[in-house]
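Worksheet for the structure shown next.
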Amino acid sequence: MKPVNQKAWFLILPVVICVAFSAILPLMTVVNYSLQDIISPDRRVFVGTEWFKSVMRDDDLQGALIRQITFSLTVLIVQIPLGIALALSMPAKGWQASAVLVLVAISLLIPWNVVGTIWQIYGRTDIGLLGASLSAMGFDYSYTGNATDAWLTVLVMDVWHWTPLVALLCYAGLRAIPDAYYQAAQIDGASKLAVFRYIQLPKLRGVLMIAVLLRFMDSFMIYTEPFVLTGGGPGNATTFLSQYLTQKAVGQFDLGPAAAFSLIYFLIILLLCFILYNWMQRVGTSDKEVSNG
Amino acid sequence: MFEWMAWTTPVVVFFTCIVLMLIAMTVWEIRSPTVMRKGLLPIATTRGDRLFIGLLTAAYINLLFVALGEKMMAWFGLEQEPSVWISFALSMLLLSIIMKKG
Chain H
1118 MKPVNQKAWF LILPVVICVA FSAILPLMTV VNYSLQDIIS PDRRVFVGTE
1168 WFKSVMRDDD LQGALIRQIT FSLTVLIVQI PLGIALALSM PAKGWQASAV
1218 LVLVAISLLI PWNVVGTIWQ IYGRTDIGLL GASLSAMGFD YSYTGNATDA
1268 WLTVLVMDVW HWTPLVALLC YAGLRAIPDA YYQAAQIDGA SKLAVFRYIQ
1318 LPKLRGVLMI AVLLRFMDSF MIYTEPFVLT GGGPGNATTF LSQYLTQKAV
1368 GQFDLGPAAA FSLIYFLIIL LLCFILYNWM QRVGTSDKEV SNG
Chain Z
4 MFEWMAWTTP VVVFFTCIVL MLIAMTVWEI RSPTVMRKGL LPIATTRGDR
54 LFIGLLTAAY INLLFVALGE KMMAWFGLEQ EPSVWISFAL SMLLLSIIMK
104 KG
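From first to last, the protein sequence lines are chains H and Z.
If you count by my numbering, then the first sequence holds residues 1118 to 1410, one letter each, in order.
If you count by my numbering, then the second sequence holds residues 4 to 105, one letter each, in order.
Structure below.
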């Protein structure tokens, strides 16, 4: 084997140092805090796995975890097909293409807390367009009083805010498919469905992988929008993991349990992303084998 | 020395082990580069993949063990919750199995 010059590794040293201070040291601190009962800066007691025990047996946490997983999965199930459909129906050329692109991207430019405020007003039954229309149609809609309404409002808000991201990614992916594929499909007399299934969907695999991972991680960390819209209520109906964590860490200043819980949260995300990533990689390679063979 | 940021000895030991593990993996990789292979695990893995999967499994086993402590007291009629060293030994055993056969 030819010897490899490894000196280039020194060039990434600045990044390593930055990451050490921005990510690794804080993570180490979290591990350290999760094992101590910190009463005041001078008085702390080593408690071992005590906090992990109490956090893992906490019903509120289990509730928040189940709500979070349900929410993130629903987000994926709704946004990915919707985004693909949007991208397919967007015009490909001309001034219409640019106009639609700008229109679609608008919601992505709005900051999270503003999105929450917009929907808070939009959903009000006295002055909001959505709330007032729904109650005029005879629905007993109230995102502050009814748990299902609140959950659905947060979901629709997230769909409104982030489906354009999926759509834009898919749009870019669609534009990257060479015309030759479509011409070949035309010669074979392929139906629209067949073109989608055998040309567009396989070619979109890369961007869809990014879209799924981004949407999954973002929705798993969702905090600001439900915090502004419902404050986690009514009851606990829209208290997702990050909000539960903030209540513990900043609200009650229980650093030990909050740190223990952060680590569990971290492990959950690590595992889910690992599974998702590997699964999508595998789907991709099996597709390649089919097309090569 | 570890008064800074209130480090505790177990955490220092834990992270020292992690750093040593990373150094060892680097040296091992330079001495004999890893080969992608398919073992017990459903996917083809390199040495580093197996270490990651093994460590993640170990973390989950320890967490589950801690979570089920009370239940295990009831199941086995124990006086107190079983020691976490049991789950530690179990997870390290599994880690070595994954590293070897995974």
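Backbone N, C-alpha and C define an ideal beta-carbon position, used for all residues, glycine too.
Which residues in the same chain have their Cβ closer than 6 Å to the Cβ of residue i, if we skip the five residues on either side of it in sequence?
| i | result |
| --- | --- |
| S1408 of chain H | Its pLDDT being 48, under 50, S1408 of chain H is placed unreliably in this model, and the coordinates cannot settle the point. |
| M1397 of chain H | M1326 |
| H1278 of chain H | S1224, V1232 |
| L67 of chain Z | none |
| G42 of chain Z | K104, G105 |
| T49 of chain Z | T37, M39 |
| D1154 of chain H | V1162, V1164, G1373 |
DSSP three-state label for residue i, please.
| i | result |
| --- | --- |
| D1154 of chain H | strand |
| F1163 of chain H | strand |
| T37 of chain Z | coil |
| T12 of chain Z | helix |
| T48 of chain Z | strand |
| G1410 of chain H | With a pLDDT of only 36 at G1410 of chain H, under 50, the local geometry of the prediction cannot be trusted, and no value is derived from it. |
| M102 of chain Z | helix |
| D1356 of chain H | For clarity, residue 1356 of chain H is Thr in the given sequence; the question names Asp instead. Coil, per DSSP. |
| Q1317 of chain H | helix |
| I1129 of chain H | helix |
| Y1382 of chain H | helix |
| V69 of chain Z | helix |
| R1332 of chain H | helix |
| F1370 of chain H | coil |
| L81 of chain Z | coil |
| Q1185 of chain H | helix |
| A1202 of chain H | helix |
| T1347 of chain H | coil |
| K1309 of chain H | helix |
| V87 of chain Z | helix |
| M95 of chain Z | helix |
| D1176 of chain H | helix |
| V1195 of chain H | helix |
Under 8 Å Cβ to Cβ from residue i, same chain only, skipping five residues before and after it: list those, please.
| i | result |
| --- | --- |
| L1249 of chain H | It should be pointed out that residue 1249 of chain H corresponds to Ala in this sequence rather than to Leu. So the list reads R1241, T1242, D1243, once near-sequence residues are dropped. |
| L97 of chain Z | G57, T60, A61, I64 |
| I1235 of chain H | I1227 |
| T1166 of chain H | L1152 |
| G1233 of chain H | M1274, T1341, E1342, P1343, F1344, V1345, L1346 |
| V1276 of chain H | V1192, V1195, Q1196, L1199 |
| A1289 of chain H | V1324 |
| V30 of chain Z | none |
| L1272 of chain H | F1188, T1191, V1192, V1195 |
Assuming the contact rule is C-beta atoms closer than 8 Å, residue i and residue j should be a hit. Round their C-beta distance to whole Å, please.
| i | j | result |
| --- | --- | --- |
| G1373 of chain H | V1164 of chain H | 7 Å |
| V1148 of chain H | L1380 of chain H | 7 Å |
| L1152 of chain H | A62 of chain Z | Actually they are not in contact, since the Cβ atoms of L1152 of chain H and A62 of chain Z sit about 15 Å apart, beyond 8 Å. |
| V1217 of chain H | P1208 of chain H | 6 Å |
| M102 of chain Z | L54 of chain Z | 7 Å |
| M1334 of chain H | I1392 of chain H | Actually they do not touch by this definition, with Cβ atoms about 13 Å apart. |
| C1390 of chain H | L1330 of chain H | 7 Å |
| Q1421 of chain H | L1310 of chain H | Summary: the structure shown does not reach residue 1421 of chain H, with chain H confined to residues 1118 through 1410, and so no result is reported for it. |
| R1174 of chain H | A77 of chain Z | So it is not a contact: roughly 14 Å between Cβ atoms. |
Identify, in the order they occur along the chain, each residue of the same chain with its Cβ nearer than 7 Å to the Cβ of residue i, setting aside the five sequence neighbours on each side.
| i | result |
| --- | --- |
| A1354 of chain H | A1264, A1267, W1268 |
| G1410 of chain H | Residue placement at G1410 of chain H cannot be trusted, given a pLDDT of 36 that sits under 50; what the coordinates show is reported in the next sentence. No residues qualify anywhere along the chain. |
| N1395 of chain H | none |
| Y1150 of chain H | L1372, G1373, A1376 |
| Y1349 of chain H | According to the sequence as given, residue 1349 of chain H is Gly; it is not Tyr. The residues are P1343, T1355, T1356, Q1360. |
| A1204 of chain H | A1284, C1287, Y1288, L1291 |
| P1281 of chain H | V1221, A1222, S1224, L1225 |
Chain B partners of residue i, CB-CB under 7 Å?
| i | result |
| --- | --- |
| P13 of chain Z | In the structure shown, chain B does not exist; the protein chains are H and Z. |
Beta strand (DSSP E) runs contained entirely in the region 1213-1293 of chain H, provided each spans 3 or more residues = none
Going along the chain, which residues of the region 1140-1169 of chain H sit with their C-beta nearer than 7 Å to a C-beta in chain Z?
-> M1145, T1146, V1148, N1149, L1152, Q1153, R1161, F1163, T1166, F1169
Please name the residues in the region 1168-1198 of chain H whose beta-carbon is closer than 8 Å to at least one beta-carbon of chain Z, in chain order.
-> F1169, K1170, M1173, R1174
Identify each residue in the region 1352-1385 of chain H for which the Cβ-Cβ distance to at least one residue of chain Z is less than 9 Å, and report them in chain order.
-> L1380, I1381, L1384
Scan the region 67-80 of chain Z for residues whose Cβ lies nearer than 8 Å to a Cβ of chain H and list them as they occur along the chain.
-> V69, A70, G72, E73
For the region 84-104 of chain Z, which residues have a beta carbon sitting closer than 9 Å to at least one beta carbon of chain H?
-> E84, V87
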